[in-house]
Amino acid sequence: MSNENQSLLKLIVNNHPGVLSHICGLFARRSYNLEGVMIRPIAGSSSHKSCVWLLVNEVEKLPQLIRQTEKLIDVITVEQHDMKESIFEKTEQFFI
Amino acid sequence: MNDSAIDQKPQTNSIISGAQLLIHLLEEQGVTHVAGIPGGANLPMYDALTSSSIKHVLARHEQGAGFIAQGMARVSGEAHVCFASSGPGATNLVTAVADAKMDSIPLIAITGQVSQTMIGTDAFQEIDTFGLMLPITKHNWLVRSAEELLEVIPHAFEVALSGRPGPVSIDIPKDVQNELINFRPKSIDSTDVKAPCSALDENDIREMLAIIKNAHKPILMIGGGIIYSDACDDLKVFAETLDIPAVQTFMGLGVLSNEHPLSLGMLGMHGAPFTNLVLEECDLVVGLGVRFDDRATGKVSDFCPRAKFVHVDIDRSEIDKVISSMYSIHADVGDVLRAANNSLQHVTRPLWRQRIEKLKESHPLRLDGDDDLFRPYGAIKTIASMVDDSANITTDVGQHQMWVAQAYPFTRPRQWISSGGLGTMGFGLPTAIGMALAQPDITTLCFSGDGSFMMNIQELATLAEENLNVKVIILNNNHLGLVRQQQTLFYKKNLSAVKFQQGVDFAMAAKSMGVNGMNLGQVDNPHKQLTKALREPGPWVIDIPISETEMVFPMVAPGGSNRDMIHGEEQ
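So the protein sequences, as listed, match chains Y and P.
Numbers in this note's numbering are just positions in the first sequence, counted from 1, shifted up by 5.
Numbers in this note's numbering are just positions in the second sequence, counted from 1, shifted up by 55.
The following block contains the structure:
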């Protein structure tokens, strides 16, 4: 499934109700292409944080997309990751 | 059950309701005024409000309440609060909140919501306020317990005011307002709010100054960020020491006095001809607290064709959003200016300044009819000459707004307050009320048009109740003038739905709501009557008839290049 137009982002966020709305709302209103979302609370975390993996279909707008995402109050960090062996590759079998 | 408010500040370990806690937390934030309208879902808040020192301003429409709070926030730089109930109360607030987002205004919108057990059942006056506010706020909350208020309220003020300011909204279900809790003050960990930017790097300042040093024809582009950063004096030192002329964005009017020799006035769609022409020639643009809005840049690929860009902004996502900069600093523009001013050496640029003077002479801003009270520039200039520099100015949206932006002699920051990004008709009157509430000793002028004024005319009753020093001046052409202008210029004069078949007697409308009113076209000595109305204390509506054929010139066609300005024929 490797596609050079795709990028993988890892977000650490506050585990509030509504945090995913803030992220998806941002992507929708700035028309960034979101291809996949995986979100789980961070295991063993007592600080109420969640980890979000985003598969985005943007190359040109990626720096702007990252900056906008970093601005969200409940987003603590944003990192770009390699597609290889990513969560989305490993779970491909569930999406056929 | 007696759910009436207690009449004193909550003591530690006393039992209070969520609503009482909310009011207490607002008082702790220094809130003096709340504009709003009560309704079913915020009854507990209003019950608690009566025993508070906070003054409530009863608006006639929630949008009015939102703009009253905005007026207080815009003129002071502080965060200000509005209240609305659930459902239609919340939807009516939406425009004022969206307006605050576009212009980075610290507005705190607090709405009642149906009880949590009712959420999701399509209850009476239930609406997804969280979902509605989400895309138009800097951040928003749905509060799920009274305990949460202890964190959310201080956090909301911090978010609204920190970094690039912006509106926040807090939705509070009625059961949370009624929930009884054992009150104990909570110390808030302020590190919860992310720092807007990292510490300033001296190398960045050196690099920026080196780029400026190498430029032959530099221009500063100065915007609202400088006002929000309280850095207008620093900007003045920076510009004067480096001898760099400055163009001002719509939101940046007042950063430099219009009398200042380095001020080139407003750029863009309705900017002065020489201002846009200077930008055609400059070789460096230093953008300070600006976001390169399309009304300022025109067609981006043709904007400042010979220039490189340096961009300073506190919002990292603004950098390289519209314009690719050769160098950028992600920081508070005030910090950057103050750091730079420590190491500046005096420069003079006689050739560049001469060239600009020449452009100014050959392509001036023409203010046709500025000696005639019944023409737009004449009305604005006459009124400006009748009040002193202390008057605050707001507008609605349309031709009158652009005429005021072009012609009013602004001398200081926060004197000019107008809806820039969202361009909200109906902004003027309630915002003027807010400005006058925050600064009651200063005369507030609200320039409006007959189209815009109808959109929040009900707030005249609020104005009468508060008896504030607000003077509304309606430049009345009985048309949606700016739409008429665009149809005339770009749609072959095919005038569609721009003329009001039914005119309004605004003087009579004002009187019906307890505000003085006159039609300046129907009084014997208009100059004398106008002077009297502007100088006596209390509110006035002054209706000035103008011709519907008046236009705002120059004008750049939407999407066109700033060099292609349309000029009117001399009248």
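In this text, a Cβ means the ideal position worked out from N, Cα and C, and glycines have one as well.
What you are looking at is a predicted structure, and each value in this text was computed from that prediction instead of being measured.
Rounded to whole angstroms, the separation of the alpha carbons of lysine 54 of chain Y and leucine 14 of chain Y is 16 Å. At a cut-off of 9 Å between beta carbons, glycine 49 of chain Y makes no contact with chain P. Spanning the alpha carbons of phenylalanine 465 of chain P and methionine 321 of chain P requires a straight line of approximately 11 Å. When beta bridges are read from the DSSP output, glutamate 624 of chain P appears opposite no residue. Neighbours of serine 36 of chain Y in chain P, taken as residues at a C-beta separation under 9 Å, are lacking, since the least C-beta distance is about 12 Å.
Shortest Cα-Cα distance from phenylalanine 545 of chain P to any of P:Gly614, P:Ser106, P:Val149, P:Gly221 involves P:Gly614. Contact between the stretch 425–443 of chain P and the stretch 451–464 of chain P is present: three or more C-beta pairs spanning the two stretches fall below 8 Å. In the three-state reduction of the DSSP assignment, arginine 199 of chain P falls in the coil class.
Under the three-state reduction of DSSP, phenylalanine 502 of chain P is assigned to strand. Between the alpha carbons of alanine 491 of chain P and valine 578 of chain P lies a distance of about 27 Å. The continuous beta strand (DSSP E) containing serine 12 of chain Y extends over residues 12–19. By the C-beta density criterion, glycine 558 of chain P is exposed, having fewer than 16 other C-beta atoms within 10 angstroms. Isoleucine 78 of chain Y reaches chain P at Lys193, His194, Val214, Val248, Lys249, counting residues in chain order whose Cβ is nearer than 8 Å. In this structure the stretch 63–71 of chain Y does not touch the stretch 218–234 of chain P; the number of beta carbon pairs closer than 8 Å is below three.
Against chain P, the beta carbon of glutamine 69 of chain Y has neighbours under 7 Å at Ser372, Lys376, listed in chain order. Annotated as proximal: glutamate 75 of chain Y and valine 83 of chain Y, with beta-carbon spacing under 9 Å.
In its chain, beyond the 5 residues on either side, Ile92, Ala139, Gly144, Asn147, Leu148 have a beta carbon closer than 6 Å to the beta carbon of glutamate 117 of chain P. In chain Y, no part has a C-beta under 9 Å from the C-beta of leucine 205 of chain P; the shortest such distance is about 16 Å. Here asparagine 532 of chain P is buried: its Cβ has 16 or more other Cβ atoms, across all protein chains shown, within 10 Å.
In the DSSP assignment, cysteine 56 of chain Y falls within the beta strand (DSSP E) that extends over 54–61. Interface annotation, leucine 290 of chain P: not in contact with chain Y, CB-CB separation never under 9 Å. For cysteine 56 of chain Y, the closest of Y:Tyr37, Y:Glu40, Y:Asn38, Y:Val80 by C-alpha to C-alpha distance is Y:Val80. Counting only runs of 4+ residues, the alpha helix (DSSP H) found wholly inside the stretch 444–483 of chain P occupies 454–462, in chain order. For aspartate 390 of chain P, same chain residues with a beta-carbon under 6 Å away, outside a window of 5 residues either side, are Leu255 in chain order. Comparing alpha-carbon positions, the option among P:Ala201, P:Gly142, P:Met157 lying closest to glycine 175 of chain P turns out to be P:Gly142. Going by DSSP, aspartate 390 of chain P is part of the alpha helix (DSSP H) stretching over 388–396. Phenylalanine 185 of chain P belongs to the set of residues whose beta carbon lies under 9 Å from a beta carbon in chain Y. The beta carbon of histidine 27 of chain Y falls within 9 Å of a beta carbon belonging to chain P, placing the residue at that interface. The alpha-carbon separation between proline 22 of chain Y and aspartate 349 of chain P amounts to approximately 36 Å.
Selection Y:Asn38, Y:Ile78, Y:Leu60 evaluated against isoleucine 92 of chain Y yields Y:Leu60 as nearest (Cα-Cα).
Annotation: the continuous beta strand (DSSP E) that includes cysteine 137 of chain P extends over 135–139. Apart from sequence neighbours up to five positions away, the residues of its chain that approach asparagine 571 of chain P with a beta-carbon distance below 6 Å are Trp595, ordered along the chain. Closer than 9 Å to the CB of glutamine 73 of chain Y there is at least one CB belonging to chain P. For serine 72 of chain P, the enclosing beta strand (DSSP E) starts and ends at 70–72. Contact annotation: histidine 418 of chain P and alanine 565 of chain P have beta-carbon atoms that are not nearer than 9 Å. Glutamate 84 of chain Y is bridged by DSSP to Y:Lys15.
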